[in-house]
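Asks: Protein sequence lines, in the order shown, are assigned to chains Z and E.
When you read off a place in the first sequence, starting at 1, and then add 230, the result is the number in my numbering.
When you read off a place in the second sequence, starting at 1, and then add 24, the result is the number in my numbering.
Where a beta carbon is used, it is the ideal one built from N, C-alpha and C, also for glycine.
All values derive from a computational prediction rather than experimental measurement.
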Amino acid sequence: MRKGSLFGVCVLVVIMAFSLTGRAQAETIKIGINAELTGDIPKVGEGTKFAAQMWLEDVKAAGGITVGKKKYPVELVLEDNESKAESAVKVATKMITEDGVLVMVGPQASKQAVPAGGIANNYKTPMITAWSTNPDTTKDRPYVFRACFLDPFQGPVLANFITSEFKFTKAAVLYDVASDYPKGLAEFFKQAWEKLHGKGSVVAYESFTTKDTDFSSQLTKIINSGAQVLFTPQYYNEVALIVQQAHQLGWKKPIVGSDSWGSAELVNLCGKDCYGDFFSTHYAAAGAKGATKAFIDRYKAKYGYVPDDVAALTWDSMNLAQTAIQNTGGLTGDLKKDREKVRTAMSQIKKFNGITGEMTFSGSGDPSKCAVIVKISDKGEFAFYKSVCP
Amino acid sequence: MVIFLQNLVNALQWGSFYALIALGYSMVYSILMLFNFAHGDIFMVGAYIGFGVSIGLLALSSSGALAMPNWLILVLTILFSMFLTSFVGMIVERVGYRPLRNAPRASAAITGLMIGIILETGNLILMGARRVSFPSLIQTTTYTVGGVFVTNKKIMIVLVSLLLTLALHQFIRRTKWGMAMRAMAFDFAVVPLMGVPVNTVIALTFAIGSALAAAAGILFGIAYPVLDPYMGILFGWKAFVAAILGGRGSILGATLAGFLLGFTEIFVAMIFPSTLRDLIAYSIILLILTFRPHGFFGEPYSARLRL
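1) Show which residues of chain Z have a CB atom less than 8 Å away from the CB atom of residue 95 (chain E).
2) Listed in chain order, which residues of the region 470-481 of chain Z have Cβ atoms closer than 7 Å to some Cβ of chain E?
3) Report the neighbours of residue 417 (chain Z) on chain E: residues whose CB is nearer than 9 Å to its CB, in chain order.
4) Consult DSSP for residue 485 (chain Z) and reduce its assignment to one of helix, strand or coil.
5) Could you check the C-alpha separation between residue 319 (chain E) and residue 235 (chain E) for me, to the nearest Å?
6) Who are residue 357 (chain Z)'s beta bridge partners in DSSP?
7) So with Cβ pairs under 8 Å, would you call residue 36 (chain E) a contact of chain Z?
8) With a threshold of 16 other CB atoms inside 10 Å of the CB of residue 464 (chain Z), please say whether the residue is buried or exposed.
9) What residues in the region 413-443 of chain Z bring their beta carbon closer than 9 Å to a beta carbon of chain E?
10) Can the beta-carbon of residue 446 (chain Z) be found less than 8 Å from the beta-carbon of residue 496 (chain Z)?
11) Here's the rule I'm using: 16 or more other beta-carbon atoms within 10 Å means buried, otherwise exposed. How should residue 461 (chain Z) be labelled?
12) Tell me the rounded alpha-carbon separation between residue 66 (chain E) and residue 149 (chain E).
13) Within 10 Å of its beta-carbon, does residue 36 (chain E) have 16 or more other beta-carbons around it, so buried, or fewer, so exposed?
14) Just reading off the alpha helix (DSSP H) that residue 274 (chain Z) is part of, what are its end residues?
15) Return helix, strand or coil for residue 218 (chain E), following the three-state DSSP convention.
16) Provide the residue span of the alpha helix (DSSP H) that contains residue 568 (chain Z), from first to last.
17) Expressed to the nearest angstrom, what Euclidean distance is found between the alpha-carbon atoms of residue 255 (chain Z) and residue 151 (chain E)?
18) Strictly below 9 Å CB to CB, what residues from chain Z border residue 44 (chain E)?
19) With residue 107 (chain E) as the anchor, note down where its beta strand (DSSP E) starts and where it stops.
20) Our contact map puts residue 143 (chain E) next to residue 61 (chain E) with C-beta atoms below 8 Å; I'd like the distance itself, whole angstroms only.
21) Counting pairs of Cβ atoms below 8 Å between the region 386-403 of chain Z and the region 481-494 of chain Z, do you hit three or more?
22) Going straight from the alpha carbon of residue 27 (chain E) to that of residue 111 (chain E), what length do you get?
23) For the beta strand (DSSP E) that residue 288 (chain E) lies in, which residues bound it at each end?
24) Tell me where the beta strand (DSSP E) around residue 618 (chain Z) begins and ends.
25) So, under 8 Å CB-CB, residue 164 (chain E) and residue 176 (chain E) are touching, yes? Tell me the CB distance rounded to an integer number of Å.
26) How many angstroms separate the CA atom of residue 579 (chain Z) from the CA atom of residue 320 (chain Z)?
27) If you run the structure through DSSP and keep just helix, strand and coil, what is residue 161 (chain E)?
28) Report buried or exposed for residue 535 (chain Z), applying the criterion of at least 16 other Cβ atoms within 10 angstroms of its Cβ.
29) Please confirm if residue 198 (chain E) has its CB atom under 8 Å from at least one CB of chain Z.
30) Closer than 7 Å by beta-carbon distance: list the chain Z residues that pair up with residue 293 (chain E), in chain order.
31) Which residues does DSSP pair with residue 261 (chain Z) in a beta bridge?
32) Distance check for residue 562 (chain Z) and residue 589 (chain Z), CA to CA, integer angstroms please.
33) Count the CB pairs spanning the region 201-212 of chain E and the region 46-57 of chain E that are closer than 8 Å, and state whether there are at least three.
34) With 16 other CB atoms within 10 Å as the buried threshold, where does residue 295 (chain E) fall?
35) So is residue 116 (chain E) buried or exposed if we call it buried at 16+ other beta carbons inside 10 Å?
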């Protein structure tokens, strides 16, 4: 008994020694999926898992990933981070040090992605988060990447969209001064708009505080300022009130928002008042074309529902990882060197054609990519309208 | 000028809510010398009850069992919800305040806060964190009068709230129960000796205050059709300010102060950057209270309180 366990330990040590030198990885590429499978946001984890498995099917059908002249089989290491920061760190550490993953995809939510990104960066392992929009996730971390745009990025995108689409020159902004996301976005929009149309082109810059329900005074100001468009980067429950009140006060011009509008609840609360308005987001299922549509149809057929933005962004993250691995030109078999190679390749990806838009990495972990402009159709659907680049 | 008139209309609507809720604070205070801090949450409960009643009536009407026009549904919703919410008020009084009637005022005040939290979280568990959308019982029609936009909803809200205030005034002035309330506000110790059923009068006071809050809740739901379980907190505080500003225990004062508060908020946002709205608006209120510490109609250093 004793001898048996001693022998077992010896074998384990030998195996670990081998795996640490990276020889065991030479034949298989391991990709870690650090996902929120249980906890507060299980739907996010589910979308991640399903998209990653669909990608794996494709790779398996192709017989693996071809790097240089060699074909490598791929293995996914799927782990649950329970939607908790501590667990995400634990999972990241395990994947990197024990499983020996070449790249880690996830965690998705910023709460998990920010601490896990620190681990990945310390262990010099490339990590791609599909969905985390917090700037801290990738900030000063050369090994951490993301597949989505950052919050502030939507400001200039929308300014460009409104300018080119409607040829408007005067805009009004209404935002919640007590909440970080709308406040930041309002400022970025104002900067971008004034850069395009000169100082004073934001003719009304009005605010309110969280929990306010009456915006009549601010809206009266906005309506009488001569603004041609109203930008309000608010959450869907406030959007419903703002849009309805604006119409009751006689506003007939377009109202534009950001990805915080993108909830199915919006149309429930807002009703017909929101029809015809626009907002920017990562991806739109209705009215999608080409590869995006193919992905949606395939996902829907397989899992029974229309994929949300997490699934689409995860799909792009997996393909980004694959592109980076292929762009290295050849793996050495030494995990440490290979991770470094992948990181370098990843940071130089140009014009990657993802289903959520074209992405280009120029040295940093944040892609410059195009946002999708969604128009709320007459049936209350979020329909793809246009892809807009900064 | 158009902007001014437009904001006048905006402020009339906004002030109506403060006025209706402030009445409930004022009535309870004049009799019990106690601020019912759960009142803002009773407003919230009233709005949710109104939501439930109107959904029920709409379903009944559309099923064909009892076809009703929408204005009738609205009237019935307001009446039913006022009736149901008055029981919520009476339960709050029976459970929260009556056992503590002779306790220090501070204990009764925190009871109100606790009941408020219970109502909020209870509703959160019952309805979930999802916002609910109040059904639009009447079609919005917008009228333009010389560049000023007025909707039929706004007119209705202001009229209904004025009507309710007037009804309350008549009730207190002209009925026996109203007289009992005034008497108790005048002298709480002696009135029971005259054979007035104190507990019944107090329960009635809570019932009426809560019914008015329910009416405010439904009108609010019509104007701002997004309800959430915490909507009563800030509103309750601001209406409380109006009750104090009006002069504790004064109906006329509470109504006027409610409208004044609405006007201040709207017009400050009109003149100054809207970021500074509450800062400036409430500094003005503070200034008024500095010069009139007993509010508009409150009487200094007297046990006598108006009702």
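Replies: Once the coordinates are examined:
1) Within the second sequence, the letter at position 71 stands for residue 95 (chain E). Result: empty, since nearest Cβ-Cβ is about 19 Å, beyond 8 Å.
2) Answer set for the region 470-481 of chain Z: 470, 471, 478, 479 and 480.
3) Counting from one through the first sequence, the residue named residue 417 (chain Z) turns up at place 187. Within chain E, not a single residue places a beta-carbon under 9 Å from that of residue 417 (chain Z); the smallest gap is close to 13 Å.
4) In the first sequence, the residue the question calls residue 485 (chain Z) occupies position 255. Residue 485 (chain Z) falls in the strand class under three-state DSSP.
5) As a position in the second sequence, residue 319 (chain E) is number 295, starting the count at 1. As a position in the second sequence, residue 235 (chain E) is number 211, starting the count at 1. When rounded, the distance between both Cα atoms is 25 Å.
6) Taking the first sequence and counting its residues from 1, the one referred to as residue 357 (chain Z) is at position 127. The partner list for residue 357 (chain Z) (beta bridge, DSSP) reads Z:334 and Z:374.
7) Residue 36 (chain E) sits at position 12 when you count from the first residue of the second sequence. No, because no Cβ of chain Z sits closer than 8 Å to the Cβ of residue 36 (chain E).
8) Start at 1 with the first residue of the first sequence, and residue 464 (chain Z) comes out as number 234. By the neighbour-count rule (16 or more Cβ atoms within 10 Å), residue 464 (chain Z) is buried.
9) Against chain E - using a Cβ distance shorter than 9 Å - the residues of the region 413-443 of chain Z are 435, 436, 437, 438, 439, 441, 442 and 443.
10) By 1-based counting over the first sequence, the position of residue 446 (chain Z) is 216. By 1-based counting over the first sequence, the position of residue 496 (chain Z) is 266. No, these two residues do not count as a Cβ contact at 8 Å.
11) The residue given as residue 461 (chain Z) occupies position 231 in the first sequence. Residue 461 (chain Z) comes out buried.
12) To locate residue 66 (chain E), count along the second sequence from 1; it is residue 42. To locate residue 149 (chain E), count along the second sequence from 1; it is residue 125. Roughly 16 Å between the two C-alpha positions.
13) As a first step, residue 36 (chain E) must be located in the second sequence, where it is residue number 12. Counting Cβ neighbours within 10 Å, residue 36 (chain E) comes out buried, since at least 16 surround it.
14) One-based indexing of the first sequence puts residue 274 (chain Z) at position 44. From DSSP, the alpha helix (DSSP H) with residue 274 (chain Z) extends over 272-291.
15) Numbered from 1 along the second sequence, position 194 holds the residue referred to as residue 218 (chain E). If DSSP states are grouped into helix, strand and coil, residue 218 (chain E) belongs with the helices.
16) What you label residue 568 (chain Z) is simply residue 338 of the first sequence in a count that begins at 1. Segment 565-577, the alpha helix (DSSP H) holding residue 568 (chain Z).
17) For the purposes of this step, residue 255 (chain Z) is identified with residue 25 of the first sequence, where counting begins at 1. For the purposes of this step, residue 151 (chain E) is identified with residue 127 of the second sequence, where counting begins at 1. A caution first: residue 255 (chain Z) carries a pLDDT of 42, below 50, which makes its placement in the model too unreliable to give a value.
18) Mapped onto the second sequence, residue 44 (chain E) falls at position 20. For residue 44 (chain E), none of the residues of chain Z pass the 9 Å Cβ criterion, the least Cβ distance being about 15 Å.
19) Position 83 of the second sequence, counted from the first residue, corresponds to residue 107 (chain E). Counted as a single uninterrupted DSSP element, the stretch harbouring residue 107 (chain E) is not any beta strand (DSSP E) but the alpha helix (DSSP H) occupying residues 94-116.
20) Taking the first residue of the second sequence as 1, we reach residue 143 (chain E) at position 119. Taking the first residue of the second sequence as 1, we reach residue 61 (chain E) at position 37. About 11 Å separates the beta carbon of residue 143 (chain E) from that of residue 61 (chain E), a gap too long to meet the 8 Å contact definition.
21) The answer is yes - the region 481-494 of chain Z touches the region 386-403 of chain Z, with three or more Cβ pairs under 8 Å.
22) Taking the first residue of the second sequence as 1, we reach residue 27 (chain E) at position 3. Taking the first residue of the second sequence as 1, we reach residue 111 (chain E) at position 87. Between residue 27 (chain E) and residue 111 (chain E), the C-alpha separation is close to 43 Å.
23) Here residue 288 (chain E) refers to the residue found at position 264 when the second sequence is read from its first residue. From DSSP, residue 288 (chain E) is part of no beta strand (DSSP E) but of the alpha helix (DSSP H) over 275-295.
24) In the first sequence, counting from the first residue as 1, residue 618 (chain Z) sits at position 388. Its beta strand (DSSP E) spans residues 612-618.
25) For this step, residue 164 (chain E) is matched to residue 140 along the second sequence. For this step, residue 176 (chain E) is matched to residue 152 along the second sequence. In this structure residue 164 (chain E) touches residue 176 (chain E) by the C-beta definition: roughly 7 Å separates them, less than 8 Å.
26) For the purposes of this step, residue 579 (chain Z) is identified with residue 349 of the first sequence, where counting begins at 1. For the purposes of this step, residue 320 (chain Z) is identified with residue 90 of the first sequence, where counting begins at 1. Taking the straight line from one Cα to the other gives about 29 Å.
27) Residue mapping note: residue 161 (chain E) aligns to position 137 of the second sequence, counting from 1. Residue 161 (chain E) sits in coil when the DSSP states are folded into three classes, being neither helix nor strand.
28) As a working mapping, residue 535 (chain Z) is identified with position 305 in the first sequence. Exposed, by the Cβ-count rule.
29) Within the second sequence, residue 198 (chain E) is the residue found at index 174, counting from 1. No, residue 198 (chain E) does not count as interfacial toward chain Z.
30) Stepping through the second sequence from its first residue, residue 293 (chain E) is reached at position 269. The contacting residues are 447 and 448.
31) Along the first sequence, one-based indexing puts residue 261 (chain Z) at 31. Its beta-bridge partners are Z:306 and Z:333.
32) Within the first sequence, numbered from 1, the residue matching residue 589 (chain Z) stands at position 359. Within the first sequence, numbered from 1, the residue matching residue 562 (chain Z) stands at position 332. One Cα belongs to residue 589 (chain Z), the other to residue 562 (chain Z), and the distance between them is close to 27 Å.
33) The answer is yes - the region 46-57 of chain E touches the region 201-212 of chain E, with three or more Cβ pairs under 8 Å.
34) By one-based count along the second sequence, residue 295 (chain E) stands at place 271. So residue 295 (chain E) counts as exposed.
35) Counted from its first residue, the second sequence places residue 116 (chain E) at position 92. The residue is buried, with at least 16 neighbouring Cβ atoms inside 10 Å.
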